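Taking my numbering, I'd label the letters of the sequence shown as residues 21 to 759.
Beta carbons are placed, not taken as given, at the ideal position from N, Cα and C, and that holds for glycine.
Bear in mind the structure is a predicted one, so any value in this text is a computation, not a measurement.
Take a look at the structure set out below.
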Amino acid sequence: MKKIFFTCMLSLAAVAMIVSCNSDDDSPGGTASCTDGVQNGDETGVDCGGSCEPCEVNNTLNGDVTEDTTLDASIEYQLTGAYVVKSGSALTIPAGTVIKATGGTAAYIAVERGAQIFVNGTSADPVIMTSGAATPAPADWGGLVVAGDAPTNKGSNVTSEVADLQYGGSNATDNSGSIRYLRLEYTGATFSNDKEFNGLSLFGVGSGTTVEFVQSFNGGDDGIEFFGGTVDGKNLVSTFSGDDSIDFADGWAGEGENWYISGGAKAGIEGSNNGDDGDATPVTMATLSNITVVGPVTEGALFFKEGGGTFTINNFYTSNVDLGVNVKDTDAEAAVRIENGDLTITNIQFADAPAGLEATNYTGANQSFFTEGIATGAGNGAAAPDWAAGWTTGLDNSSAGSENIAGEVTGDVTLNANVEYILTSAFVVKSGGSLTIPAGTTIKATGGTAAYIAVERGAQIFINGTASDPVVMTSGAATPAPADWGGLVICGDAPTNKGSNVTSEVADLLYGGSNATDNSGSIRYLRVEYTGATFSNDKEFNGVSLFGVGSGTTFEFVQSLNGGDDGIEFFGGTVTGNNLVSIGSGDDSIDFADGWAGNGSNWYISKGAKAGIEGSNNGDDGDATPVTTTTLSNITVVGPVTEGALFFKEGGGNFTITNFYTSNVDLGVNVKDTDAQAAVRLEADALSINPMQFDNPATGLEQTNYTGANQDFITVGNNTGAGNGAAAPDWATGWAIGF
Numbered sequence: 021m022k023k024i025f026f027t028c029m030l031s032l033a034a035v036a037m038i039v040s041c042n043s044d045d046d047s048p049g050g051t052a053s054c055t056d057g058v059q060n061g062d063e064t065g066v067d068c069g070g071s072c073e074p075c076e077v078n079n080t081l082n083g084d085v086t087e088d089t090t091l092d093a094s095i096e097y098q099l100t101g102a103y104v105v106k107s108g109s110a111l112t113i114p115a116g117t118v119i120k121a122t123g124g125t126a127a128y129i130a131v132e133r134g135a136q137i138f139v140n141g142t143s144a145d146p147v148i149m150t151s152g153a154a155t156p157a158p159a160d161w162g163g164l165v166v167a168g169d170a171p172t173n174k175g176s177n178v179t180s181e182v183a184d185l186q187y188g189g190s191n192a193t194d195n196s197g198s199i200r201y202l203r204l205e206y207t208g209a210t211f212s213n214d215k216e217f218n219g220l221s222l223f224g225v226g227s228g229t230t231v232e233f234v235q236s237f238n239g240g241d242d243g244i245e246f247f248g249g250t251v252d253g254k255n256l257v258s259t260f261s262g263d264d265s266i267d268f269a270d271g272w273a274g275e276g277e278n279w280y281i282s283g284g285a286k287a288g289i290e291g292s293n294n295g296d297d298g299d300a301t302p303v304t305m306a307t308l309s310n311i312t313v314v315g316p317v318t319e320g321a322l323f324f325k326e327g328g329g330t331f332t333i334n335n336f337y338t339s340n341v342d343l344g345v346n347v348k349d350t351d352a353e354a355a356v357r358i359e360n361g362d363l364t365i366t367n368i369q370f371a372d373a374p375a376g377l378e379a380t381n382y383t384g385a386n387q388s389f390f391t392e393g394i395a396t397g398a399g400n401g402a403a404a405p406d407w408a409a410g411w412t413t414g415l416d417n418s419s420a421g422s423e424n425i426a427g428e429v430t431g432d433v434t435l436n437a438n439v440e441y442i443l444t445s446a447f448v449v450k451s452g453g454s455l456t457i458p459a460g461t462t463i464k465a466t467g468g469t470a471a472y473i474a475v476e477r478g479a480q481i482f483i484n485g486t487a488s489d490p491v492v493m494t495s496g497a498a499t500p501a502p503a504d505w506g507g508l509v510i511c512g513d514a515p516t517n518k519g520s521n522v523t524s525e526v527a528d529l530l531y532g533g534s535n536a537t538d539n540s541g542s543i544r545y546l547r548v549e550y551t552g553a554t555f556s557n558d559k560e561f562n563g564v565s566l567f568g569v570g571s572g573t574t575f576e577f578v579q580s581l582n583g584g585d586d587g588i589e590f591f592g593g594t595v596t597g598n599n600l601v602s603i604g605s606g607d608d609s610i611d612f613a614d615g616w617a618g619n620g621s622n623w624y625i626s627k628g629a630k631a632g633i634e635g636s637n638n639g640d641d642g643d644a645t646p647v648t649t650t651t652l653s654n655i656t657v658v659g660p661v662t663e664g665a666l667f668f669k670e671g672g673g674n675f676t677i678t679n680f681y682t683s684n685v686d687l688g689v690n691v692k693d694t695d696a697q698a699a700v701r702l703e704a705d706a707l708s709i710n711p712m713q714f715d716n717p718a719t720g721l722e723q724t725n726y727t728g729a730n731q732d733f734i735t736v737g738n739n740t741g742a743g744n745g746a747a748a749p750d751w752a753t754g755w756a757i758g759f
């Protein structure tokens, strides 16, 4: 018989009973008998209500459930003691039901092995199990305990540490029911230092069971814990747990997806194999994805413990944690597993990282078990995920103020302009992936040569700055200085005279091919600052390095400010660069070479250490093909310069330049007298500059130091250069600085 909880008062002194009041008993009409065991007449229940004594709800839960029982969502229940669903029986709790517990460790709900529970909450009407105290507090009552017949490495017929239930067996697909949209509050009552209830305890529960959309809130011990078994846990929330937020152990072999964790006292996630024997079998095997842990934590975002197990974790977002993966140095079994590659974490991201962040305290040889990347975690990074709306409590939607970025982008990733990004290491967009950076985004880099952004050949980057909200990539140092970090490196498939499949001098990426129209994305309104970190005398980052980038790529409104090496450099390729600013470069301001076949318009250059523009063909072979060929217009170079406004170098190339304005330079066009290939090209009229203006010339100005026969490749005349002569051009207003 299926029971539904009602109580019918036969008289003022009658004892309340639980009776069945389903539709089969309804016999409306006639005279109320009050004694025939049938609802009739004006009775509102069986032999009660109406002209009989009024029905009174029995809202007390305790004792054993020995037959299929359904609660009533219209009743607020009082859990006064242990309420145990016995083997062979089922308890159904409809959406919107509220159960309030009193009695500390004596009050809990338990489901025996062989029994079932069906928690049928919805996002709009979750089932709530909470404290009945006037002022609720953690550990006010026990929690929900479910025991199943699935394998554990504690053995079979083991007794649960709370509720004294037998669990564990050989039925991996055991079905203990379904738990959906359940909120557990103020659980975790304590028996002793070693025995405490969790919010939800799953002992040997099988994969036939559904556990999803469950929150533990303000529990005194762990929020949710899996003790072996094979059940999956999806869309779980654990907030303000007194111990670990979500815990799994004892050979758990399930999957976890969409876990949001915050405010826990110890580990965000504690994953272990067996507290008595780290090598016990079956070994814990967990596959987790879309995880958020918001700190602070005292034992790590993940505590890989007591032998750990085989864990595969992807999309792991942490915020305000000082330790990513915690591994005790005395845990020999855990260390063996890490060295064997049994722990793999991809795309772990550290947001709002406190000073002294350790990605891991593991000191063994294998330090590559985790890779950093862009993660969304449970859905919204540090903020409450959308799927938690409506049925959870105690969450807010405040996102992280800063996020660490490093690692690889393998899909399509978009940054958030409201987040300040800290570039801690190499951040590489892999072939087939894309990175979109919206207007107003700021990225601050730390780590010298280790910190740079790179785009592989076959990948794309979309920098969508605006004149009023540029994208800014800068130094994260308290006192920024040139060469604080690497820079931006983009590799494409367009031709170069270095050949195809060449390795870039920084970032070690392949570039160059036969696709002149290759598209590496779009870069607009970008400012890069304090770049140029040095590998060696021959290998330094530039502000922006373009290796074999094709003409399908947009590159405009870009500034390099106070870089340690060149500001912007084109290594072959066919991409055009318009509206470029280079100020304060430690070497050349804008450089192109290796068969570059793009064009440039509106370039403003000042305060560079060496050449304003260095244009060359090939440093190893001045006659290499394809020859550097470009048309430049509207150029300003403000000196002083030490290697000329234009350095025509290493074979030079075929250059046509119009409206070339210079100020305070002592040398217009620099040509080394040992550069035979450059001289040949000059004599063949491969360089034409018309007009070129020398405003406010420095003492001893030479229009060129070239001594060959052809001295008419320069035509002197007035022009405005990039727009306003030596002054900042109008098109640079709002997004470029340092003039």
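Give me whichever residues DSSP pairs with residue i in a beta bridge.
i	result
Phe680	Ile655 and Met712
Trp407	Bridge partners of Trp407: none, in fact.
Tyr128	Ala102
Leu308	Gly276 and Ile333
Thr650	Phe675
Val429	Val449
Pro458	Asn484
Ile625	Ser602 and Val657
Gly370	Before going further, note that residue 370 is Phe rather than Gly in the sequence given. Its beta-bridge partners are Thr338.
Leu707	Phe675
Ala267	Before going further, note that residue 267 is Asp rather than Ala in the sequence given. Beta-bridge pairing links Asp267 to Glu245 and Glu290.
For residue i, which residues in the same chain have their Cβ closer than 7 angstroms to its Cβ, ignoring the five residues on either side in sequence?
i	result
Lys22	Summary for Lys22: the model assigns pLDDT 47, below 50, so the residue's position carries little reliability, and this model does not support an answer.
Helix, strand or coil for residue i? Go by DSSP, reduced to three states.
i	result
Glu359	helix
Gln731	coil
Trp755	coil
Ala501	coil
Ala747	coil
Gly741	coil
Val147	strand
Gln387	coil
Val661	coil
Gly141	coil
Glu319	coil
Glu353	helix
Lys23	Caution is warranted here: a pLDDT of 48 is assigned to Lys23, below 50, making its placement in the model unreliable, and the coordinate value is therefore given only provisionally. Strand, per DSSP.
Leu702	helix
Ala52	coil
Ala696	helix
Ala154	coil
Glu87	coil
Answer yes or no: do residue i and residue j have a C-beta to C-beta separation smaller than 8 angstroms?
i	j	result
Glu275	Thr307	yes
Gly618	Asp585	no
Gly401	Thr312	yes
Arg477	Gly512	yes
Thr396	Ile368	no
Thr594	Ser542	no
Gly320	Ala354	no
Glu326	Ala371	no
Ile588	Ile603	no
Thr650	Phe612	yes
Ala135	Gly101	no
Asp270	Phe247	yes
Only counting the same chain, and skipping five residues up and downstream in sequence, which positions put a Cβ closer than 8 angstroms to that of residue i?
i	result
Val736	Pro711, Met712, Gln713, Phe714 and Gln723
Asn417	Asn400, Ala403 and Ala404
Thr740	Asn654, Asn679 and Tyr681
Thr494	Thr462, Ile463, Lys464, Ala465, Pro500, Arg547, Val548, Glu549 and Tyr550
Apart from the five residues just before and just after residue i, which ones in its own chain have a Cβ nearer than 6 angstroms to its Cβ?
i	result
Asn484	Pro458 and Ala459
Glu760	In the structure as shown, the chain begins at 21 and stops at 759. Residue 760 is therefore absent and cannot be evaluated.
- Entirely enclosed beta strand (DSSP E) segments - the segment 540-620, minimum 3 residues: Runs of beta strand (DSSP E) with 3 or more residues, each lying fully within the segment 540-620, are found at 541-549, 554-556, 564-567, 574-581, 588-591, 597-603 and 610-613, listed in chain order.
- 3-residue-minimum beta strand (DSSP E) runs that sit fully inside the segment 197-257, ordered along the chain: Entirely contained in the segment 197-257, the beta strand (DSSP E) runs reaching 3 residues are, in chain order, 197-205, 210-212, 220-223, 230-237 and 244-247.
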